[in-house]
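Undergrad: Line by line, the protein sequences are chains G and X. First residue of the first sequence? That's 1 in our numbering, and the numbers climb one at a time after it. First residue of the second sequence? That's 1001 in our numbering, and the numbers climb one at a time after it. The C-beta atom is built at its ideal place from N, Cα and C for all residues, glycine as well. The structure displayed is predicted, hence computed values, not measured ones. Below: one structure in structure tokens.
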Amino acid sequence: NAGVTQTPKFQVLKTGQSMTLQCAQDMNHNSMYWYRQDPGMGLRLIYYSASEGTTDKGEVPNGYNVSRLNKREFSLRLESAAPSQTSVYFCASSKWDSTDTQYFGPGTRLTVL
Amino acid sequence: QQPVQSPQAVILREGEDAVINCSSSKALYSVHWYRQKHGEAPVFLMILLKGGEQKGHEKISASFNEKKQQSSLYLTASQLSYSGTYFCGTLGNTGKLIFGQGTTLQVKP
Chain G
1 NAGVTQTPKF QVLKTGQSMT LQCAQDMNHN SMYWYRQDPG MGLRLIYYSA SEGTTDKGEV
61 PNGYNVSRLN KREFSLRLES AAPSQTSVYF CASSKWDSTD TQYFGPGTRL TVL
Chain X
1001 QQPVQSPQAV ILREGEDAVI NCSSSKALYS VHWYRQKHGE APVFLMILLK GGEQKGHEKI
1061 SASFNEKKQQ SSLYLTASQL SYSGTYFCGT LGNTGKLIFG QGTTLQVKP
């Protein structure tokens, strides 16, 4: 099992460009999450999905959109990137919900110039 | 609201003990602990449930005081492999796991 995979690993964007971060899990988990990690801020929840077809906002959703394409895949889109979105983005999944262990992907390091 | 962790950083020698604290202003159902090594993804350590049930790691222990909305992670006889950043995540009535800002632990030989 690959667990949780994310693409790309690194990305540099210019202000105003758009991009989609991809995440997939092969553990048959129901819930998936997107976090961003900034120095001194810990992990902050952007969006999560409790099941296929459902999504909900986390702590810092502004500037992002998500799609739960199917049970395996959960993508994060930046429509118009801003320097404040420079961060490391982690995708995670859990079997049922937030009460369960979360398994994290390796992360995407995004720089917006 | 983000839980508060203390201390922010700690440096130990191998074999020494450490305690990391996590405090929330809201009522909690559970507290989750994760460790992240530099450049890697966070990895699950432990979940502490309301009512006292504890699930997780064999060599690291923790406590959860529901009334005070506080949890402490106890690292005893620390090893070099314990180095990393420790995050607590708190689960309240929003159903969302909210992480603290992290505590960086460095264990030296």
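1) Under a CB-based cut-off of 8 Å, is K1059(X) close to chain G?
2) Give the secondary structure of Q85(G) by DSSP, where H, G and I count as helix, E and B as strand, and everything else as coil.
3) List the whole-angstrom C-beta distance separating P1003(X) from C1088(X), where the pair is believed to meet the contact cut-off of C-beta under 8 Å.
4) Using a 10 Å radius around the Cβ and a threshold of 16 neighbouring Cβ atoms, would you call H1038(X) buried or exposed?
5) Return the bridge partner residues of A1018(X) from the DSSP annotation.
6) Examine the Cβ distances between the stretch 64 to 72 of chain G and the stretch 34 to 52 of chain G and report whether three or more of them are shorter than 8 Å.
7) Would you say P106(G) lies against chain X (beta-carbon separation less than 8 Å)?
8) Can you give the Cα-Cα distance for L1073(X) and E1016(X), rounded to whole angstroms?
9) Between A1062(X) and chain G, is there a C-beta pair that is closer than 8 Å?
10) To which residues of the same chain is G1100(X) closer than 7 Å at the C-beta, ignoring the five residues directly before and after it?
11) How about T99(G): is its C-beta nearer than 8 Å to some C-beta of chain X?
12) With DSSP collapsed to three states, give me the class of S1006(X).
13) At the 8 Å Cβ level, is I1098(X) part of the contact set with chain G, yes or no?
14) Buried or exposed, going by whether 16 or more other CB atoms sit within 10 Å of the CB of S1071(X)?
15) From Q1069(X), T1104(X), P1109(X), pick the residue whose C-alpha is nearest to that of A1027(X); which is it?
16) Check distances from the C-beta atoms of the stretch 1027 to 1046 of chain X to those of chain G and list, in chain order, the residues that come in under 7 Å.
17) Assign A82(G) to one of two classes, buried (16 or more other C-beta atoms within 10 Å of its C-beta) or exposed (fewer than that).
18) Does Y33(G) come out as helix, strand or coil in the three-state DSSP assignment?
19) I think T86(G) touches V112(G), with their Cβ atoms under 8 Å apart; what is that distance to the nearest whole Å?
20) Near D26(G), which residues of its chain fall below 6 Å by C-beta distance, leaving aside the five closest residues on each side in sequence?
21) Go ahead and label S93(G) buried or exposed: buried means 16 or more other beta carbons lie within 10 angstroms of its beta carbon, across all protein chains shown.
22) Given a cut-off of 8 Å, decide if S98(G) and L1097(X) are closer than it, judged by their beta-carbon atoms.
23) If you reduce the DSSP assignment to three classes, tell me which class L1045(X) lands in.
TA: In this structure, then:
1) Chain G contact via Cβ: absent.
2) Taken through DSSP and simplified to helix, strand or coil, Q85(G) comes out as helix.
3) Going by Cβ atoms, the distance from P1003(X) to C1088(X) rounds to 6 Å, so yes, they are a contact pair.
4) By the neighbour-count rule (16 or more Cβ atoms within 10 Å), H1038(X) is not buried but exposed.
5) Bridge partners of A1018(X): L1075(X).
6) Enough Cβ pairs lie closer than 8 Å, so yes.
7) By this cut-off, P106(G) is an interface position.
8) For L1073(X) and E1016(X), the distance between alpha carbons rounds to 14 Å.
9) It does not; no Cβ of chain G falls within 8 Å.
10) Same-chain partners within the cutoff: Q1002, P1003, V1004, Q1005, C1022, F1087, C1088.
11) Output row for T99(G): interface = yes.
12) Three-state result, S1006(X): strand.
13) Yes - at least one Cβ of chain G is within 8 Å of the one on I1098(X).
14) When all chains shown are included, S1071(X) counts as buried.
15) Sorting Q1069(X), T1104(X), P1109(X) by C-alpha distance to the C-alpha of A1027(X) places Q1069(X) at the top.
16) So the list reads S1030, A1041, P1042, F1044, given in the order they occur along the chain.
17) A82(G) is exposed by the Cβ-count criterion.
18) Y33(G): strand per DSSP, three-state reduction.
19) Their Cβ separation, rounded to whole angstroms, is 5 Å, which keeps T86(G) and V112(G) in contact under 8 Å.
20) Result list for D26(G): N1, A2, in chain order.
21) Residue environment analysis places S93(G) among the buried positions, since at least 16 neighbouring C-beta atoms fall within 10 angstroms of its C-beta.
22) Yes, Cβ-Cβ distance for L1097(X) and S98(G) is below 8 Å.
23) Strand, per DSSP.
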